[in-house]
Amino acid sequence: MDIVVLLKQVPDTETIIKVAEDGKSIDSTDIKWIINPYDEYAVEAALRVKDSQGATVTILSMGPQRAVESIRTALAMGADKGVLVDDPATEGSDAYGKAVVLAAALRTIPFDLIFCGHRAVDDDENQVGIMVAELLAIPHLALAVATELTDGKIRIVRPIEGARVTMESQLPALVTFGGAHAIWNPRYASLPGIMKAKKKPLDIKTLADIEVSAEQVGAAAARVMLTAMELPPPRQAGRIIEGDTAQKAQELVRALHEEAKVI
Amino acid sequence: MAQGVCIIGECRHGTFRRVSFEVASEGRRLADALGEPLWAIVLGEGVAQAAPDLGNYGVEKVYLVDDPLLQEYRAETYVPVVAEIVQSLSPKIVLFSADVDGKDLSARVAARLGAGLATDCTELKIEGGALRAKRPMYAGKVFGWYGWAADVWPQLASCRPNTMDCLQPDTSQKAAVEKPNVAIPKGNLTSVVSVEEDTSGRVDLTEAQIIVSGGRGMKGPENFAMLEELAQLLGAAVGASRSAVDAGWRPHSDQVGQTGKVVTPALYIAVGISGAIQHLAGMGSSKFIVAVNKDPEAPIFKKADYGIVEDLFKFIPVFTEEVKKLKASC
């Protein structure tokens, strides 16, 4: 069983986001970079398959050199090898362009399953993983909060509005992961794990290595592009309602009913 | 030559989801700005009766594919059918709902068509004859404006539920229904094993007009009963902060924040939530925010329209009684 986990490095969720001077990117000074939390759930899910029935887990990422640190973290958690596509020509790619790169890289790596987060918590796009499945012409199951691998099929539980759907797919397939830290509870990188990770193979590839031409990706090929960023209007601290408990409750109900008109 | 706006209507059990009416209304506004027609594609089983109702929201014609093979949403069957109809209609713009199935479908259709997709948009407009979209990034810590490559059609976007105004339905307007001749693939790589309906009648967080959320200050899972009661009275959904979910007090589907749901209700009542940046990102776009916390220094008060500095266990029961009185009087 070969599992490839797609991993994106993102700013820590505690980061205060500031718009950079160009007006269309974020100011990345002093940002602490982490594994996208949903991708971390995917790593954990892959490692559980490895623990229970044996699998080779490969981490695939695209991005600048700093992403190596996140790949090493996943290797320290227990993944077997890493691949990073680092090529300046990918700069400015839209989701489709990123999917083109990842799909091309996946053609050079054996896989039965591809796992990834259902979205990255920076761009919040919800599309790269699914696009990879489409480009590879394999089925996908999205937003898994539980998985089970039996008889050569993968079964997932997928919460939709008002229901929980259980779906199954034959392999090869791509699964995107939802849920929360509390259900996946991803394992920590242990100290021995960190020592071992340093010796695990990690390939750095360029677009040429995966046979993608620079014209297919990057800003020039983007079908959709970010043109401006704006911060949400600052919220003014409102009114602290004073009085005893009963007065506060009465005033809050009055304000919500008469001023805000929301109840 | 690309022309017109097309929306994807979503039906469950033979009725449209509310978000489809929002998407139709937004489609109507864009179609009017372009001076072009508005169509809808609707897939499912047993949806023929509901289909003309999209006309209430300005849809002129519905392309309906009603078939037992489409009873449950599966990308394997839905994607080829939607992609084929979109290609034959050749619209300028295709709008999806940014709910769970809509996000799934739109990404795969975009890749199949080699089209650009902006997901979870909160605002759309026409500029120079093309689409422009605003969407939250970093769970709403920042908003991005997106444009599409010139003369590459169609331009795809999905609309975040609860953010685009629904037109006043005009029940005298019915959409024409056409049944295009498309082959539905008998794909068997994926299957729906079971569907477990939530019969509790709870409102989904992403669609709720009012949300009552609890955090670490709730002290334990049993105390959420108090918020459930209040939510019931208000017709609200119950949410939770990451710490309440991590503690195992609430299901992960209730989590609001950067690694949970991004919500945009008219009213968000944060109870015993201090207001970590992760959480503020997910609920900061709520229209009105109420915070109840005994710590006057809690960061949530900097975002709240109305702040109550008090022990929640003392305040919430009294507040609930006041809401009951209000409900009884109106």
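Protein sequences appear in the order of chains G and U. For what it's worth, this note's numbering labels the leading residue of the first sequence as 3, then goes sequentially. For what it's worth, this note's numbering labels the leading residue of the second sequence as 39, then goes sequentially. Beta carbons: idealized from backbone N, C-alpha and C, even for Gly. Keep in mind that this is a model prediction, so the values were computed, not measured.
Rounded C-alpha distance that separates residue i from residue j
{"i": "residue 162 (chain G)", "j": "residue 54 (chain G)", "result": "28 Å"}
{"i": "residue 60 (chain U)", "j": "residue 132 (chain U)", "result": "14 Å"}
{"i": "residue 96 (chain G)", "j": "residue 260 (chain G)", "result": "46 Å"}
{"i": "residue 181 (chain U)", "j": "residue 226 (chain G)", "result": "15 Å"}
{"i": "residue 245 (chain U)", "j": "residue 210 (chain G)", "result": "46 Å"}
{"i": "residue 218 (chain G)", "j": "residue 47 (chain U)", "result": "33 Å"}
{"i": "residue 141 (chain G)", "j": "residue 227 (chain U)", "result": "7 Å"}
{"i": "residue 170 (chain U)", "j": "residue 160 (chain U)", "result": "11 Å"}
{"i": "residue 65 (chain U)", "j": "residue 18 (chain G)", "result": "34 Å"}
{"i": "residue 247 (chain G)", "j": "residue 181 (chain G)", "result": "38 Å"}
{"i": "residue 139 (chain G)", "j": "residue 233 (chain G)", "result": "38 Å"}
{"i": "residue 254 (chain U)", "j": "residue 279 (chain U)", "result": "7 Å"}
{"i": "residue 101 (chain U)", "j": "residue 77 (chain U)", "result": "8 Å"}
{"i": "residue 200 (chain U)", "j": "residue 247 (chain U)", "result": "8 Å"}
{"i": "residue 63 (chain G)", "j": "residue 103 (chain G)", "result": "10 Å"}
{"i": "residue 75 (chain G)", "j": "residue 123 (chain G)", "result": "18 Å"}
{"i": "residue 136 (chain U)", "j": "residue 126 (chain G)", "result": "12 Å"}
{"i": "residue 205 (chain U)", "j": "residue 95 (chain U)", "result": "6 Å"}
{"i": "residue 23 (chain G)", "j": "residue 322 (chain U)", "result": "24 Å"}
{"i": "residue 268 (chain U)", "j": "residue 39 (chain G)", "result": "32 Å"}
{"i": "residue 309 (chain U)", "j": "residue 56 (chain U)", "result": "28 Å"}
{"i": "residue 52 (chain G)", "j": "residue 4 (chain G)", "result": "9 Å"}
{"i": "residue 191 (chain G)", "j": "residue 6 (chain G)", "result": "19 Å"}
{"i": "residue 114 (chain U)", "j": "residue 79 (chain G)", "result": "34 Å"}
Below-7 Å beta-carbon distance, residue i vs any chain U residue
{"i": "residue 213 (chain G)", "result": "no"}
{"i": "residue 189 (chain G)", "result": "no"}
{"i": "residue 102 (chain G)", "result": "no"}
{"i": "residue 254 (chain G)", "result": "yes"}
{"i": "residue 226 (chain G)", "result": "yes"}
{"i": "residue 10 (chain G)", "result": "no"}
{"i": "residue 174 (chain G)", "result": "no"}
{"i": "residue 233 (chain G)", "result": "yes"}
{"i": "residue 16 (chain G)", "result": "yes"}
{"i": "residue 248 (chain G)", "result": "yes"}
{"i": "residue 126 (chain G)", "result": "yes"}
{"i": "residue 236 (chain G)", "result": "no"}
{"i": "residue 95 (chain G)", "result": "no"}
{"i": "residue 92 (chain G)", "result": "no"}
Span of the beta strand (DSSP E) around residue i
{"i": "residue 133 (chain U)", "result": "131-135"}
{"i": "residue 275 (chain U)", "result": "275-278"}
{"i": "residue 186 (chain U)", "result": "180-186"}
Cβ-heavy atom distance, residue i to the ligand SAM, below 6 Å
{"i": "residue 114 (chain G)", "result": "In the structure on display, the ligand SAM does not appear, and there are no ligands present to speak of."}
Boundaries (first-last residue) of the alpha helix (DSSP H) holding residue i
{"i": "residue 160 (chain U)", "result": "No alpha helix (DSSP H) contains residue 160 (chain U), which DSSP labels as neither H nor E."}
{"i": "residue 262 (chain U)", "result": "262-272"}
{"i": "residue 115 (chain U)", "result": "113-127"}
{"i": "residue 68 (chain G)", "result": "Taken as a continuous stretch (DSSP letters only), residue 68 (chain G) belongs to no alpha helix (DSSP H), as it is neither H nor E."}
{"i": "residue 35 (chain G)", "result": "Where residue 35 (chain G) is concerned, there is no enclosing alpha helix (DSSP H), although the beta strand (DSSP E) it sits in stretches over 35-37."}
{"i": "residue 196 (chain G)", "result": "193-199"}
Below-7 Å beta-carbon distance, residue i vs any chain G residue
{"i": "residue 293 (chain U)", "result": "yes"}
{"i": "residue 252 (chain U)", "result": "no"}
{"i": "residue 270 (chain U)", "result": "no"}
{"i": "residue 312 (chain U)", "result": "no"}
{"i": "residue 154 (chain U)", "result": "yes"}
{"i": "residue 233 (chain U)", "result": "yes"}
{"i": "residue 230 (chain U)", "result": "yes"}
{"i": "residue 67 (chain U)", "result": "no"}
Short CB-CB distance (under 7 Å) between residue i and chain B
{"i": "residue 129 (chain G)", "result": "Included in the structure are the protein chains G and U, with no chain B among them."}
Exercise. According to a CB-to-CB cut-off of less than 7 Å, which residues of the stretch 331-360 of chain U neighbour chain G?
Worked result: 339, 340, 341, 342, 343, 344, 345, 346, 347, 348, 352, 353, 356, 357 and 360
Problem set entry | Meets three-Cβ-pair contact criterion under 8 Å: the stretch 51-69 of chain U and the stretch 250-257 of chain G | no
For this session: Could you please tell me which residues of the stretch 111-138 of chain U, in chain order, have their CB closer than 7 Å to any CB of chain G?
Result: Here the close residues are 113, 114, 137 and 138.
Exercise. Counting pairs of Cβ atoms below 8 Å between the stretch 72-92 of chain G and the stretch 197-206 of chain G, do you hit three or more?
Worked result: yes
For this session: Would you list, in chain order, the members of the stretch 283-308 of chain U that have their beta-carbon closer than 7 Å to a beta-carbon of chain G?
Result: 283, 284, 286, 290, 291, 293, 296, 297, 298, 304 and 305
For this session: Spell out a yes or no on whether the stretch 209-221 of chain U and the stretch 150-157 of chain U are touching, meaning 3 or more CB-CB pairs, one atom from each, closer than 8 Å.
Result: no
Exercise. So does the stretch 261-269 of chain U actually touch the stretch 293-304 of chain U, counting three or more Cβ pairs closer than 8 Å?
Worked result: Output reads no: the stretch 293-304 of chain U does not touch the stretch 261-269 of chain U.
For this session: Answer yes if the stretch 314-328 of chain U comes into contact with the stretch 6-22 of chain G, meaning at least three C-beta pairs across the two stretches below 8 Å, and no otherwise.
Result: yes
Exercise. Does the stretch 137-149 of chain U come close enough to the stretch 277-295 of chain U to have 3 or more Cβ pairs within less than 8 Å?
Worked result: no
Problem set entry | Residues within the stretch 176-191 of chain U neighbouring chain G, beta-carbon criterion of under 7 Å | 176, 177, 178, 179, 180, 181, 182, 183, 184, 185, 186, 187 and 190
Problem set entry | Cβ pair count under 8 Å reaching 3, the stretch 80-88 of chain U against the stretch 97-113 of chain U | With the cut-off at 8 Å, the stretch 80-88 of chain U and the stretch 97-113 of chain U touch.
Problem set entry | Cβ contact (3+ pairs, closer than 8 Å) linking the stretch 67-74 of chain G and the stretch 104-111 of chain G | no
Exercise. What are the residues of the stretch 190-221 of chain U that lie near chain G, defined by any Cβ-Cβ distance shorter than 7 Å?
Worked result: Flagged, chain order: 190.
Problem set entry | Stretch-stretch touch, CB-based, cutoff 8 Å, three pairs: the stretch 26-34 of chain G with the stretch 189-206 of chain U | no
Exercise. For the stretch 141-168 of chain G, which residues have a beta carbon sitting closer than 8 Å to at least one beta carbon of chain U?
Worked result: 141, 142, 143, 144, 145, 147, 157, 160, 161, 162, 163, 164, 165, 166, 167 and 168
For this session: Determine contact between the stretch 170-181 of chain G and the stretch 109-118 of chain G, defined as no fewer than three beta-carbon pairs at a distance below 8 Å.
Result: yes
For this session: Below 9 Å between beta carbons is the criterion; list the residues of the stretch 19-34 of chain G that meet it against any residue of chain U, in chain order.
Result: 19, 20, 21, 26 and 28
Exercise. Using a Cβ cut-off of 8 Å, which residues of the stretch 142-153 of chain U contact any Cβ in chain G, in chain order?
Worked result: 142, 144, 145, 146, 148, 149, 150, 152 and 153
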